[in-house]
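Residue numbers (my numbering): 2 to 265.
C-beta atoms are modelled at their ideal positions from N, C-alpha and C, and glycine is treated no differently.
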Ligand code: ADP
């Protein structure tokens with residue numbers, strides 16, 4: 002089974018691409034943002050820890066639900082608070098993601114897509130077979146974030162809130178070096194659809210074309226599947242070395258936030 006890691010920056014079009022992968026190509030999508038929400042959903046252990054740490058008066062609405070916009074403002078401005086929240090959310094998300102991949106493999110699916118905004122920063126890119134990066138310029142990114150309708154119950158983001166959120170992530174241009182598939186989302190939606198179709202055709206060809214003989218062989222004969230998995234990890238190991246050389250250790254030096262994410 003091919004595991005695709007889908008990433009980009011906030012507002013570059015990851016959700017739009019994952020929507021296309023699901024609706025046009027019927028691929029299973031695991032959305033890390035949804036899992037992250039589940040990790041601190043009301044009633045969960047994560048919720049109790051977060052409320053105890055940040056204070057009910059700062060992050061809860063009058064009806065006791067989480068005020069995500071208030072929590073977002075705190076953590077996007079303060080790296081220590083971000084680190085604390087990541088320490089609760091990341092391990093839970095990794096566990097849920099692993100279970101989702103396992104279930105898809107048991108169902109005999111040929112491909113699963115992990116939609117993970119921090120795929121590169123959290124070093125999860127090393128564990129997927131394909132890294133798909135959705136790219137646009139920072140100027141267009143800001144415009145798309147501001148134009149995006151807010152989630153129900155949330156106020157639209159101001160320009161400075163949008164910039165805080167962009168600054169809290171690695172610039173999307175820096176993620177391109179990790180990509181095995183780049184989607185340039187500067188054009189129209191139909192242009193995006195065509196790029197997504199081409200990417201899926203490439204992945205299908207890698208998995209044995211329309212008959213899918215390769216992934217079926219890996220699935221039906223576990224020793225072959227395990228060997229293919231090892232070869233994939235080995236390939237990633239050598240790719241990581243190349244990436245490190247090309248970025249001259251930039252990611253390793255990128256300061257507190259990246260180190261915190263690696264430890265989480
Ligand atoms: P992300 O999931 O990466 O944060 P979204 O998929 O939500 O980004 O896209 C951000 C906004 O840009 C959304 O309002 C979406 O409808 C819009 N959008 C995405 N792709 C395009 C495109 N090719 N043309 C115009 N608007 C787009």
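Reference residue i, options the options, closest by Cα
i	options	result
residue 25	236, 198, 245, 233	198
residue 108	237, 220, 232	220
residue 18	94, 240, 200	200
residue 20	116, 41, 103	116
residue 84	169, 126, 183	169
residue 4	240, 96, 216, 247	216
residue 160	36, 140, 153, 194	140
residue 15	232, 190, 223, 211	190
Residue i: CB within 7 Å of a non-hydrogen atom of the ligand ADP
i	result
residue 203	no
residue 269	Within the shown structure, residues of the chain are numbered from 2 to 265, placing residue 269 beyond reach of any answer.
residue 15	yes
residue 70	no
residue 145	yes
residue 11	yes
residue 24	no
Where residue i falls, given that 16 or more other Cβ within 10 Å makes a residue buried
i	result
residue 1	Absent from the model: residue 1. The displayed extent of the chain is 2 to 265, so no value can be given.
residue 100	exposed
residue 146	buried
residue 155	exposed
residue 118	buried
residue 179	buried
residue 171	buried
residue 56	exposed
residue 186	buried
Residue i beta carbon near the ligand NAP (any heavy atom closer than 7 Å)
i	result
residue 31	Among the ligands modelled here, namely the ligand ADP, the ligand NAP does not occur.
Item to check | Contact between the stretch 158-173 and the stretch 27-45 (3+ Cβ pairs under 8 Å) | outcome: no
Checklist entry - Is there contact between the stretch 5-14 and the stretch 121-141, where contact requires at least three CB pairs shorter than 8 Å? => result Result yes; three or more Cβ-Cβ pairs closer than 8 Å.
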